[in-house]
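Data first, discussion second: the structure below is written as structure tokens.
Protein chains: 6
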Amino acid sequence: MKKNNFSHITTFMAMDTTYEEANVVVYGVGFDGTTSNRPGTRFASSAMRLEFDGLETYSPTLNLDLEDFKVCDRGDLELSIGNTDKVLEEIYEGTKEIVNDNKVPFMIGGEHLVTLPAFKAVYEKYKDVYIIHFDAHTDLRESYNNNKNSHATVIKRIWDIVGDNKIFQFGIRSGTKDEFNFALKEKHTYMEVSTINTFETIVKNLEGKNVYLTIDLDVLDPSIFPGTGTPEPGGITYRELENIFKILKNRNINLVGCDIVELSPDYDNSSVSTVAACKVLRELILIICDKLKFKN
Amino acid sequence: MKKNNFSHITTFMAMDTTYEEANVVVYGVGFDGTTSNRPGTRFASSAMRLEFDGLETYSPTLNLDLEDFKVCDRGDLELSIGNTDKVLEEIYEGTKEIVNDNKVPFMIGGEHLVTLPAFKAVYEKYKDVYIIHFDAHTDLRESYNNNKNSHATVIKRIWDIVGDNKIFQFGIRSGTKDEFNFALKEKHTYMEVSTINTFETIVKNLEGKNVYLTIDLDVLDPSIFPGTGTPEPGGITYRELENIFKILKNRNINLVGCDIVELSPDYDNSSVSTVAACKVLRELILIICDKLKFKN
Amino acid sequence: MKKNNFSHITTFMAMDTTYEEANVVVYGVGFDGTTSNRPGTRFASSAMRLEFDGLETYSPTLNLDLEDFKVCDRGDLELSIGNTDKVLEEIYEGTKEIVNDNKVPFMIGGEHLVTLPAFKAVYEKYKDVYIIHFDAHTDLRESYNNNKNSHATVIKRIWDIVGDNKIFQFGIRSGTKDEFNFALKEKHTYMEVSTINTFETIVKNLEGKNVYLTIDLDVLDPSIFPGTGTPEPGGITYRELENIFKILKNRNINLVGCDIVELSPDYDNSSVSTVAACKVLRELILIICDKLKFKN
Amino acid sequence: MKKNNFSHITTFMAMDTTYEEANVVVYGVGFDGTTSNRPGTRFASSAMRLEFDGLETYSPTLNLDLEDFKVCDRGDLELSIGNTDKVLEEIYEGTKEIVNDNKVPFMIGGEHLVTLPAFKAVYEKYKDVYIIHFDAHTDLRESYNNNKNSHATVIKRIWDIVGDNKIFQFGIRSGTKDEFNFALKEKHTYMEVSTINTFETIVKNLEGKNVYLTIDLDVLDPSIFPGTGTPEPGGITYRELENIFKILKNRNINLVGCDIVELSPDYDNSSVSTVAACKVLRELILIICDKLKFKN
Amino acid sequence: MKKNNFSHITTFMAMDTTYEEANVVVYGVGFDGTTSNRPGTRFASSAMRLEFDGLETYSPTLNLDLEDFKVCDRGDLELSIGNTDKVLEEIYEGTKEIVNDNKVPFMIGGEHLVTLPAFKAVYEKYKDVYIIHFDAHTDLRESYNNNKNSHATVIKRIWDIVGDNKIFQFGIRSGTKDEFNFALKEKHTYMEVSTINTFETIVKNLEGKNVYLTIDLDVLDPSIFPGTGTPEPGGITYRELENIFKILKNRNINLVGCDIVELSPDYDNSSVSTVAACKVLRELILIICDKLKFKN
Amino acid sequence: MKKNNFSHITTFMAMDTTYEEANVVVYGVGFDGTTSNRPGTRFASSAMRLEFDGLETYSPTLNLDLEDFKVCDRGDLELSIGNTDKVLEEIYEGTKEIVNDNKVPFMIGGEHLVTLPAFKAVYEKYKDVYIIHFDAHTDLRESYNNNKNSHATVIKRIWDIVGDNKIFQFGIRSGTKDEFNFALKEKHTYMEVSTINTFETIVKNLEGKNVYLTIDLDVLDPSIFPGTGTPEPGGITYRELENIFKILKNRNINLVGCDIVELSPDYDNSSVSTVAACKVLRELILIICDKLKFKN
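Protein chains in written order, with our numbering: chain A, 896 to 1191; chain B, 896 to 1191; chain C, 896 to 1191; chain D, 896 to 1191; chain E, 896 to 1191; chain F, 896 to 1191.
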């Protein structure tokens, strides 16, 4: 008889299904090597694992409970910090394994560049993949700090892969004039400047499609999400994001991969950004799991 | 002739009426013994007394001025920290004395469990008391950490006393599935998930009734109220709370007791939570005093 | 041939036109000597110069780019800290020089009292000047801490100069009963309590007029602007301020002087206030430059 | 073939021996229920597990390496927070199990009261146990806040068990006159006021004896250990503590139980206290393991 | 029978003797108007009143207890913030009243300039007064920021009053070459650069004399006293200051006035500076009271 | 006639000699790409330029004044952040230009890896160069995170260039057993564990030699230098470092290059680390200039 209860913090609360049995696999990728402003997104996943315990497993907004699904928190990927190319390869391999095992990868960044190799791994399997991108910044530069691979170029690199009419950008409120011209004038990407009002229409059009969802958490207003490298005032509120979650839940899109990036916990003095990231994680995992329920 | 002006910080600004003459009595209760997440609400009242000086005594929203009313700040209740049962008894006795002297008690927590003994003291005098409860969390657990008395069970304990149809919960956005089922499906309490839109209708129905108002300040969004134990994104803005204050002012309810709880100043790096708590305190005191004016 | 790139932080990014060629001159005034609550606005301009680099030069909201205009960052004015009268004189002289050289002065405070001498210098040149004033506080006291010149009296001092029907106050939500009575009942100033809805109508009426714009950044809600001396909950959001910028851009008013005041960087733990101040600076400079374009 | 490296933070680095094989068992006890000043020691063990990774497993001071020993980090004990008596019982049972399995318990508090039940469990097995106590405070009150069991009474409670001539206090620099009188004048405990110079002599006299070592980390000066509930200037430096470690290593005492208490990570802005606590943990574990080597 | 204990924070713990009965009078002077670097010493006394409760009334170092003496905390002097000359006058008048009532004034700054008017008031009564000055900085400039009265000129202004051979400076490690030349080469003041070793000899020579003691707390090393406007590495440790206290206790000098200045609590994230200031306050008050005991 | 004083923060105070005339050239290198623990040393030079103004130009310890020497602050080197190899090349080229122009390069890191390319540039010119290395960590790993070039391998890489008997390490208190074995047992480097007592003897032996001095500021104890990536308790105090400066001043060594690294300002809440780094910068520049005086 076990009299005493000793417990380890090992996984995100209620994400302790074995890898083999899980439908969704969460993993941390602590890379921030091309971050040009405030660094520290490397610490996001470990800060979130501690903070997540303050939430409940049940979401009243979605009326879904983590306890009812099979999610595996696989821990953090070990990375060759200091060598960007090697790190990108490691993320690619790590994600590919999960995708090849027919599980949905859910990556916690790190900076936004980590989306590139994760998306590549998903894209290689599903080919016809649309990207829904929430962000404050365009991330459409051709190169940045003399590097083609950067947090500021990541969506341009994905556009190099998928081409026109595949990328849908929301919440964008910062970029160079050239980036906006590229997105808006040539219609290379769908970008709605400053507002996210037409989100439902677009998601409706994506029903039945494979979708990779990447959320740069700085899409949220700095009032609720100060803990990030480059805060940009004028963002969406958490309640607006909640409405987006409801739309995602109600629309029949295939979420084949997902990531949330750019939480930098050491700039999050009051922890509200970390809590918000945790709640976003919970809601998105619930939405993905809820969709898989009908599939499997 | 006094040439020099030395002054002590002794009370909340303009709440220096003697206990005997006062109609409303403010007191601090620095207990956070069952707090499961970030502690520190014990420091709320002393942090607020310092910060309150940055406000004015006049409220343009309510067009009322603290200088025109008789409020006594009685200081903080001394507590047997470490022994939850004894502390609850001490709060009960402290509140009872105020209630018995026909004054309205206004308690500054401390964690939410302090509402239980304060409410009991009020309930014993007025019996037919309705509870208006603002919070991010249901607080309807049957027990928590093996304890029946906890910040997470406090409204359930009050329901044990008053039963159905007495408790009105607003702003709730976190809880277990069971707690929501208890509140919503059995109609044990009135709870409006995620929104507070029908507040006016409900308060209208309570006109002429005795009401105890308990505000867990984490009902506010973490963007404006980060300094609390368990911040929960998706809360109401301060301006929404201001509209609630206007409704409370305009409706003829008898506010027989009030508390604000769960400010944790050491997590409030920029002091905005403490300032918000102070402004809530000022507005609620003004509303209570304004109603008493017509009574006395 | 220069092989290596060494760079100095010398000016706000893209505000490096020489004084002689510039149309708009930005300068810092680090005075906070009458601040009664939290001090530190003295550090605003140097904190902003560092933080500004995280922004882009292009504004998607206004579709204007700093690179296209001639702005000079002249650095900070050296002040006789400790002697309020002397400091006011120094600000007056510094602003006068810019005004006399037919450039638009854009001052970064400092506490709000610095607006008085800057406005005086502008007023002496243009005489018929209207004041648009954004603030949380009335700043209409007759005297404060025994001083006639104070951050709490500055708008009253400007009223002493310009008289009735010249001052338009927005976002005000704090003051004494007397201050509100002065503003509202006697119509000495136009003040819209708590809301800013009629801003467009008023600016429309000011078309063709000379306008001095002073923004106490605490008009923003403390959720997005905690880093200030006296945060006051219930303020406007950054997106509301963006709408104001659009109106200012679209209406034909002559902006003959401008200031933003009351950022206190050491209370801005997460830097979001400093970033917000930088974005306000960029948008206002763009608006002023855009108007001058048609004039020159 | 495992291509990718995912890792979980599960234990203190290099303390991942199974419970069955381990000689020393580390466990966290997150209780701070009687803390009268700044709370938060509940977070010590989880903060330390993250921070510990910044250290090496090898100690040049002791010339010993964690990799060479069998240590089990058993995680944190689950506690009935809110009920002090129940919590003390849970700590007692948790420690007893380890002691009964012939392993050395190494507890990470929590506040200092947690030493009482842990010591009891050790004492019941070994009976003849001496206590070496490092602290800034006497902890010899008879009762505190109306409670006999408190962080301020814990050594008095241990004296109730062991009586005179068993307790050796070092680094003490704060207490009531009565507490110092009790310790010094009646020779109930050995206490050296303000200095720790005679430590070596005393440890020499304890050779061959069973010793329980309890270190309230606030014995360190607040310059190196600010992150604690009640910092007290005038403490020892880390290098002085290192000398104490060398003495402990070189003297033949039987360390039958050990704890380090009173780290409060949320008051440790720069993490130096947490790092210091981690280094103390490493050195003490190494010393205990080194002694066991010769025994087993 | 009083059943409930409500208490106000009104005075420093155990400094609640009435003004009339007190021998030593403590008062706060929240002026920081000439501070050129980080401001905020205005908050020192109120931060200290809260923090002081974490200490005991008994000092084991001095074997004296505050409970045994008659000390009055008179609160804070109300000041005309913004007008340096008026403020200096107010401090002078406030101190003079205490001195004239034959009580020892103990001022808590504020910036160092506040010492000038307080010293003047003391000097006018006792004339033959020596100054013991602890500081990191010389404070011997002739003028600073165009002002003769400044935190950087205060000791020079006192030298203007008392002349050569009266001022003894300790712990100094920063100043201009001219200031050091003034102090060292002309022997205008006694200054021991970088060390404080000969303190005892000097105090011995002052036996029987009237001494005003002014401690700029930045004499302490920034490791233990970060919370100040201009931290200067290389300062004394708290234990070195304790030895100074012992010397002051043991030598027969007449302490006719005392101040401690330059604590800036908002830069004291972990509160260790505030705690250190409180402990310095306690020890100095005990020393002064102990000396008075033999006089009265 | 210039009436008003506008000033830009352009260089470290009193380091405004033109590049051409200067003897010593200071430059910032904001690279932290291989940092494995807390990042942010990229911000060191800009934080230091602001903080430096709080110091004086005169050093009483050395009796030397910056005003008397020709130092050029050349600003920060622009780097291809994200590509470690390219960055190392850029630092090498930047340093080489200065060395080739017969000026002494003084680099402000950045993480410790930046020393490698800077040292290479110096070594190529002077060949027979000794390295004096202050650090808490050995930095002697062969590879780290799969990279040969890392902050944890930098001294090993320098040993690859210079071989045995050239490197003198002081203050080291952390490393793997292998690193210590490499340094101590094979005598590859001179390393004195835990103490720095024999520094004078060694420097005496280096008289007449070319010396490159690299100071990882984490050699200082975390009490005075918390703002760094990997704080390690047990370090030297600032006053011990001051004694080292005096020795360096008094011994006839040729300082042909110098760097200070590993200040991470965003972890330096109270700024004491940044101030300490500034003071180290001032003292070392003064020492180098003082030596050059006799040479030129």
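Note that CB positions come from ideal geometry on N, CA and C, so glycine has one too.
Since the model is a prediction, treat every value here as computed from it, not as a measurement.
A check of alpha carbon separations from His1028 of chain A across A:Pro955, A:Leu1150 and A:Ser902 identifies A:Leu1150 as the nearest. Shown here, Met943 of chain B sits in a helix according to DSSP, grouped into three states. Taking 9 Å as the Cβ-Cβ cut-off, the region 1029-1041 of chain A approaches chain F at Tyr1039, Asn1040 and Asn1041, given in chain order. Cβ-Cβ distances below 6 Å link Tyr1085 of chain D to Phe1063 in the same chain, with the five nearest sequence neighbours on each side left out; the list follows chain order. Straight through space, the alpha carbons of Ser1159 of chain C and Ser1166 of chain F are spaced by roughly 16 Å. Counting only Cβ-Cβ distances below 8 Å, Asn1164 of chain B has contacts in chain A at Asn1164 and Ser1165, in chain order.
Under the criterion of beta carbons closer than 8 Å, Thr906 of chain E and His1046 of chain E do not qualify as touching, at roughly 27 Å.
Listed along the chain, the chain F residues whose CB falls inside 9 Å of the CB of Phe1120 of chain C amount to none; the nearest CB is some 21 Å away.
Of the candidates D:Phe1077, D:Glu1019, D:Ala942 and D:Gly989, the residue whose Cα lies closest to the Cα of Val1009 of chain D is D:Gly989.
Under the Cβ distance rule, Lys981 of chain D counts among the residues neighbouring chain B, one pair being separated by less than 8 Å.
Note that the C-beta distance between Val919 of chain D and Ile1183 of chain D is below 8 Å. A direct Cα-Cα distance of roughly 23 Å separates Leu945 of chain C from Phe1120 of chain F. DSSP places Ile1062 of chain C in the uninterrupted beta strand (DSSP E) bounded by Ile1062 to Phe1065. Given a length threshold of 3 residues, each whole run of the beta strand (DSSP E) inside the region 985-1050 of chain D is given here in chain order: 999-1004 and 1024-1029. Following the DSSP letters along the chain, one finds Asn1138 of chain F in no beta strand (DSSP E) but inside the alpha helix (DSSP H) bounded by residues Tyr1133 to Asn1145. In chain order, Thr929, Ser931 and Asn1040 make up the part of chain B whose C-beta sits under 7 Å from the C-beta of Ile976 of chain D.
With contact defined as three or more Cβ pairs closer than 8 Å, the region 990-999 of chain B and the region 1067-1079 of chain B are not in contact. Under the DSSP assignment, Asp1073 of chain E falls in the alpha helix (DSSP H) whose first and last residues are Lys1072 to Phe1075. Under a criterion of Cβ atoms nearer than 9 Å, no residue of chain A is adjacent to Gly935 of chain C; the nearest Cβ is some 17 Å distant. In the DSSP assignment, Ile1110 of chain A falls within the beta strand (DSSP E) that extends over Asn1105 to Asp1111. Between the alpha carbons of Asp1030 of chain D and Thr1123 of chain E lies a distance of about 28 Å. Per DSSP, Val1114 of chain A is not a residue of any alpha helix (DSSP H), being assigned neither H nor E. Around the beta carbon of Asn978 of chain E, 16 or more other beta carbons lie within 10 angstroms, which makes this residue buried. The region 997-1016 of chain E makes no contact with the region 931-944 of chain B, as fewer than three CB pairs between them are under 8 Å. Between the alpha carbons of Glu1037 of chain A and Gly1058 of chain A lies a gap of roughly 14 Å.
Among the residues facing chain C, Pro955 of chain A is not included, as its CB has no counterpart in that chain under 8 Å away. Pairing Gly1129 of chain E with Arg1134 of chain F gives a Cβ-Cβ distance under 8 Å.
Distances from the CA of Asn1105 of chain F to each of F:His1083, F:Glu1087, F:Glu1137 and F:Lys1061 were compared; the closest alpha carbon is that of F:Lys1061.
Remark: C-beta atoms of Asn1041 of chain C and Lys981 of chain E approach each other more closely than 8 Å. Contact with chain D is absent for Lys991 of chain E, since none of that chain's Cβ atoms lies less than 8 Å from the residue's Cβ. Relative to Cys967 of chain A, the option among A:Lys1022, A:Glu1157, A:Phe1094 and A:Ala917 whose CA is nearest is A:Ala917.
In terms of Cβ geometry, Cys1153 of chain F and Leu1112 of chain F do not form a close pair [threshold 8 Å]. For the region 1104-1130 of chain E, there are no residues whose beta carbon sits under 9 Å from a beta carbon of chain B.
A distance of 8 Å or more separates the beta carbons of Thr912 of chain A and Lys1141 of chain A.
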